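Numbering (our numbering), first residue to last: 8 to 237.
Where a beta carbon is used, it is the ideal one built from N, C-alpha and C, also for glycine.
In this text, all values refer to a predicted model and were calculated from it rather than measured experimentally.
The structure under discussion appears below in the form of structure tokens.
In structure tokens form, the structure reads like this:
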């Protein structure tokens, strides 16, 4: 958890927002079809399409005065939403520390360029995506530092199927920069050597996730921004 203590809860944001734009589920284009078949059973699937959801504005509660709440809502949350709606530009990745990591059940990215590859690859896999709703909890351990948790519901379209994913996003923030970004599908811990009883199996899973990231990174030309790609 990168050393952040949870000594006290200084502020909680409760935000609700609906989107009609595209969203993101970090996934290697090379393994997109495979990933669809191995998604957790509790992820709901249907062949129906959703009605457009009106867009609303989310804001900080008037009595929220702590530093991280203000910092996150003003300087970080809009960029995270751009990533998860496939609207990100190079500037959106400035929220990350140069050595930040991103993890989900399929890959582990190390450094900003790999994080870019993870998110830029999404439109290569999914026809459409959107975040239907989210709520945010902020725990501040020091000024502009702490952990942010985003409970959310995401919807993705792959071929003729619609996939609803309940997710918990955890962001570790240090001095105003995201140092660790974890996306836990179905709100379950990621599989690795610390969560699998057999350490060897855990290491194998970690290696597969790293390998998937490297394939994605190569496919996306090492995280080049769309305007920089020919």
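Inter-stretch contact (C-beta, 8 Å, three-pair minimum) for the segment 190-197 and the segment 94-102: Between the segment 190-197 and the segment 94-102, the count of Cβ pairs shorter than 8 Å is below three; the stretches do not touch.
Between the CA atoms of residue 212 and residue 149 - distance to the nearest angstrom: For residue 149 and residue 212, the distance between alpha carbons rounds to 34 Å.
7 Å CB neighbourhood of residue 224 in its chain, flanking five on each side removed: In chain order, 121, 124, 230 place their CB closer than 7 Å to the CB of residue 224, counting only its own chain and leaving out the 5 sequence neighbours on each side.
Residue 101 classed as buried or exposed, judged by whether at least 16 other C-beta atoms fall within 10 angstroms: Burial check for residue 101: the Cβ neighbour count within 10 Å stays below 16, so the residue is exposed.
CA-to-CA distance, residue 204 to residue 99, given in whole angstroms: About 38 Å.
Nearest residue (CA-CA) to residue 168, options 135, 146, 156: Here the closest residue by C-alpha is 135.
Element boundaries [alpha helix (DSSP H), containing residue 209]: For residue 209, the enclosing alpha helix (DSSP H) begins and ends at 206-226.
Where residue 175 sits in the DSSP three-state scheme: If DSSP states are grouped into helix, strand and coil, residue 175 belongs with the strands.
Supposed close pair residue 160, residue 139 - CB separation, criterion 8 Å: Between residue 160 and residue 139 a beta carbon distance of about 5 Å is seen, short of the 8 Å cut, so the two are scored as contacting.
Residue 84 beta carbon less than 7 Å from that of residue 145: Not in contact: residue 145 and residue 84 (Cβ atoms no closer than 7 Å).
Pick from 105, 185, 133 that is closest to residue 170, judged by C-alpha positions: The candidate whose alpha carbon is nearest that of residue 170 is 133.
Contacts around residue 227, its chain only, beta-carbon distance under 6 Å, and the 5 residues preceding and following it disregarded: Excluding sequence positions up to five before and after residue 227, its CB lies within less than 6 Å of the CB of 124, 127, 128, all in the same chain and listed in chain order.
Coarse secondary structure for residue 280, derived from DSSP in three states: Residue 280 lies beyond the stretch modelled for the chain, which goes from 8 to 237, so this question has no answer here.
As assigned by DSSP and simplified to three states, the class of residue 89: Residue state, collapsed to three classes: helix.
Rounded straight-line distance, which links the Cα of residue 180 to that of residue 188: Separation of residue 188 and residue 180 (C-alpha to C-alpha, rounded to the nearest whole angstrom) is 9 Å.
Straight-line gap, residue 116 to residue 217 (C-alpha atoms, nearest Å): Rounded to the nearest angstrom, the two C-alpha atoms are 7 Å apart.
DSSP state of residue 77 mapped onto helix, strand, coil: Judged by DSSP in its simplified three-state form, residue 77 adopts helix.
Check whether residue 78 and residue 151 have beta carbons under 7 Å apart: With a cutoff of 7 Å on beta-carbon distance, residue 78 and residue 151 are scored as near each other.
Collapsed DSSP secondary structure at residue 95 in the structure displayed: Reduced to three states, the DSSP call for residue 95 is coil.
Own chain residues within Cβ distance below 8 Å of residue 209, not counting five before or after: Cβ within range, chain order: 198, 199, 200, 201, 202, 203.
Nearest candidate by alpha-carbon position, reference residue 155, set 114, 234, 80: The candidate whose alpha carbon is nearest that of residue 155 is 80.
Close beta carbons around residue 232, own chain, < 6 Å, minus the five adjacent residues each side: Taking residue 232 as the centre and dropping the five residues before and after it, the same chain places the C-beta of 97 closer than 6 Å to its C-beta, in chain order.
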